[in-house]
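Engineer: Each residue of the sequence shown is one higher than the one before, starting from 5 at the first, in this note's numbering.
Where is the CB? At the ideal position from N, CA and C, for every residue including glycine.
Since this is a predicted model, take the numbers as computed values, not measurements.
Take a look at this one; I'll ask things after.
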Amino acid sequence: MPFVTIDGQPLHYIDQGTGPTVLLAGSYLWDQTMWAPQIAALSQQYRVIALDLWGHGESGPLPEGTQSLDDIARQALVLLDHLDIDRVTLVGLSVGGMWGVRLALSAPQRVNGLVLMDTYVGVEPEPTRQYYFSLFKQIEDSGVIAPQLLDIVVPIFFRPGIDPQSALYQDFRAKLVALPPERLRQSIVPMGRITFGRDDLLPRLGELNADATLVMCGDQDKPRPPSEAQEMAGLIGCPCVLVPEAGHISNLENPLFVTEVLLKFLAERN
Numbered sequence: 005m006p007f008v009t010i011d012g013q014p015l016h017y018i019d020q021g022t023g024p025t026v027l028l029a030g031s032y033l034w035d036q037t038m039w040a041p042q043i044a045a046l047s048q049q050y051r052v053i054a055l056d057l058w059g060h061g062e063s064g065p066l067p068e069g070t071q072s073l074d075d076i077a078r079q080a081l082v083l084l085d086h087l088d089i090d091r092v093t094l095v096g097l098s099v100g101g102m103w104g105v106r107l108a109l110s111a112p113q114r115v116n117g118l119v120l121m122d123t124y125v126g127v128e129p130e131p132t133r134q135y136y137f138s139l140f141k142q143i144e145d146s147g148v149i150a151p152q153l154l155d156i157v158v159p160i161f162f163r164p165g166i167d168p169q170s171a172l173y174q175d176f177r178a179k180l181v182a183l184p185p186e187r188l189r190q191s192i193v194p195m196g197r198i199t200f201g202r203d204d205l206l207p208r209l210g211e212l213n214a215d216a217t218l219v220m221c222g223d224q225d226k227p228r229p230p231s232e233a234q235e236m237a238g239l240i241g242c243p244c245v246l247v248p249e250a251g252h253i254s255n256l257e258n259p260l261f262v263t264e265v266l267l268k269f270l271a272e273r274n
């Protein structure tokens, strides 16, 4: 499995297929395996890179000194430099979109296209921020995501009607149960605070290339509702596509729809 050392820690990524490069940046609490349906389809025509966020999947702990989403964006550019990749189409879901916008703004010459999925680059609404920070405190204090917390956290990622006994739901829950205390305290909790304590980038969205940007959102996304996606698309001046029958992890709840939209977007950009 390929790794690159960035800021003193091993970052894990997968690199599959050949052609123009697509960088997949996923959600908080998920690893690169969340992109499995898209990797399988896109890698037929494209070189697909998917990375594990610090403390997630196979990546090492959050590097010392990593304090903001700008740091995460800078670290992703180090990965691209390491792989000698000049330009990518970046597909960022949730936190992947939050730092993906920062990468696109800081290094526009490196971004061929930008797809922002189930994400929001404004500040976290204060009641939500305080609520999430209270959950992080509980996890930090106990060193586990307790069962009653799992009952709160897991459903956030899916559409309201999902079967809690489905493999998608149960596999995600099992992954969270298995997270060791040191990983939660060193990486997961700090990464959560970075994510939900982010600053406001809405005023800068007009700097993005509207012709090379697409916003997507699950039509039943609870933490990042369609209204946020539509607000961002309006500020960018780009299209907004709602993914039917999907919540926050829209690419897994309606993989065929999402993959089709991505392939169309990529064909137009390459």
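Select from Leu118, Gly238, Thr263 the residue whose C-alpha is nearest the C-alpha of Pro41.
Structural biologist: Thr263
Engineer: Exposed or buried, which one is Gly100 when buried takes at least 16 other CB atoms within 10 Å?
Structural biologist: buried
Engineer: Going along the chain, which residues of its own chain have a beta-carbon closer than 7 Å to the beta-carbon of Leu206, five neighbours each way excluded?
Structural biologist: Val125, Gly126, Leu239, listed in sequence order.
Engineer: Rounded to whole angstroms, what is the Cα-Cα separation between Ser47 and Leu118?
Structural biologist: In this model, Ser47 and Leu118 are separated by some 18 Å (Cα to Cα).
Engineer: Near Pro194, what residues of its chain come up, given a Cβ to Cβ distance below 6 Å and the 5 sequence neighbours on each side ignored?
Structural biologist: Leu66
Engineer: Would you mind sorting Asp1 into buried or exposed? The rule is 16 or more other CB atoms within 10 Å of its CB.
Structural biologist: Because the chain in this structure spans residues 5 to 274, residue 1 falls outside the shown range and cannot be described.
Engineer: Find out if the Cβ-Cβ distance for the pair Val247, Phe269 is shorter than 7 Å.
Structural biologist: Taking 7 Å as the cut-off, the Cβ atoms of Val247 and Phe269 do not count as close.
Engineer: Mapping DSSP to helix, strand and coil, what is Pro112?
Structural biologist: helix
Engineer: Does the beta-carbon of Ala237 have 16 or more other beta-carbons within 10 angstroms, so that it is buried, or is it exposed?
Structural biologist: buried
Engineer: Is it the case that the Cβ atoms of Ser108 and Leu81 are separated by a distance below 7 Å?
Structural biologist: One detail in the question is off: residue 108 reads as Ala in this sequence, not Ser. Going by C-beta atoms, Ala108 is not nearer than 7 Å to Leu81.
Engineer: Kindly indicate the opening and closing residues of the beta strand (DSSP E) around Tyr17.
Structural biologist: In this chain, the beta strand (DSSP E) harbouring Tyr17 covers 13 to 20.
Engineer: Let me know the secondary structure DSSP gives Ala29 once reduced to three states.
Structural biologist: strand
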